[in-house]
Amino acid sequence: ALCLAEGLTEDGKLITIEHNDEMEDSIRRNLALSPLGEKIELLIGDAKEALKRLGDKPIDGGFDLVFIDADKKEYCDYLDLVLPLMRQGGWILADNTLWDGHIVEPEYDKDRQTIALRAFNEKVAKDKRLEKVILPLRDGLTIIRLINGN
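Going by our numbering, the letters in the sequence shown line up with residues 9 to 158, in that order.
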């Protein structure tokens with residue numbers, strides 16, 4: 009979050025979600041040590057629930073950038089929850105979308121995370137509202153741009 013916050017505009021804000029509540033004190037201490045910490049809002053809890061709450065109070069203009077790196081089995085749900093929160097032309101970065109090559113390896117056909125990431129990749133590929141590319145770096149990074157919010 010601190011690295012991403014370095015790219016914020018003067019009035020920019022970053023919202024980050026952490027599932028593990030045992031990390032909260034440590035995260036808040038680290039944020040307090042940084043001059044950028046005051047630009048970061050930390051939400052603790054389930055990402056899908058947090059995204060639903062954010063949907064109840066839309067961000068003015070929508071999100072410019074969303075980084076998805078959480079429970080791989082939930083990526084399709086995260087995408088569905090995030091898209092209505094995005095501004096037209098906004099970016100989504102989804103991490104681990106090649107899953108160490110398992111996406112194309114038949115021996116992982118029964119692995120739940122692999123199955124879910126395949127479904128996510130297929131969903132993104134078929135969505136005409138999105139421009140997308142997968143960068144084959146490490147575990148894969150999908151760069152998605154919302155070109156048509158309708």
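Every residue gets a Cβ at the ideal spot worked out from N, C-alpha and C, and that includes glycine. Every value quoted in this text rests on a predicted model; they were computed, and no experiment measured them.
Problem - Residue environment, residue 155, which counts as buried when at least 16 other CB atoms sit within 10 Å - result: By one-based count along the sequence shown, residue 155 stands at place 147. Classification of residue 155: exposed, given that the 10 Å Cβ count is below 16.
Handout entry: Residue environment, residue 143, which counts as buried when at least 16 other CB atoms sit within 10 Å
Key = If you number the sequence shown from 1, residue 143 lands on position 135. When all chains shown are included, residue 143 counts as exposed.
Exercise for the section: Please report the Cβ distance between residue 85 and residue 56, rounded to the nearest whole angstrom; I am assuming they are in contact, meaning their Cβ atoms lie under 8 Å. Expected result: Here residue 85 refers to the residue found at position 77 of the sequence shown. Here residue 56 refers to the residue found at position 48 of the sequence shown. Rounded, the Cβ-Cβ distance is 6 Å, consistent with contact.
Practice task
Look up residue 102 in the DSSP assignment and give the residues it is bridged to.
Solution key: Taking the first residue of the sequence shown as position 1, residue 102 is located at position 94. DSSP, once it has assigned bridges, lists 76, 150 as partnering residue 102.
Exercise for the section: Please list, in chain order, all residues of the same chain as residue 104 whose beta carbon is under 6 Å from its beta carbon, the five residues on each side excluded. Expected result: If you number the sequence shown from 1, residue 104 lands on position 96. The answer, listed in chain order, is 147.
Problem - Integer Cβ distance of residue 50 from residue 24, believed to fall under 8 Å - result: Numbered from 1 along the sequence shown, position 42 holds the residue referred to as residue 50. Numbered from 1 along the sequence shown, position 16 holds the residue referred to as residue 24. Confirmed, about 6 Å.
Practice task
Can you say whether residue 59 is buried or exposed, counting buried as having 16 or more other CB atoms within 10 angstroms of its CB?
Solution key: Here residue 59 refers to the residue found at position 51 of the sequence shown. Counting Cβ neighbours within 10 Å, residue 59 comes out buried, since at least 16 surround it.
Practice task
Note down, one range per segment and in chain order, each alpha helix (DSSP H) of at least 4 residues found wholly within the segment 34-77.
Solution key: 55-64
Handout entry: Short Cβ contact (8 Å threshold) for residue 70 with residue 95
Key = Locating residue 70 in the sequence shown gives position 62, counting from the first residue. Locating residue 95 in the sequence shown gives position 87, counting from the first residue. Yes, these two residues count as a Cβ contact at 8 Å.
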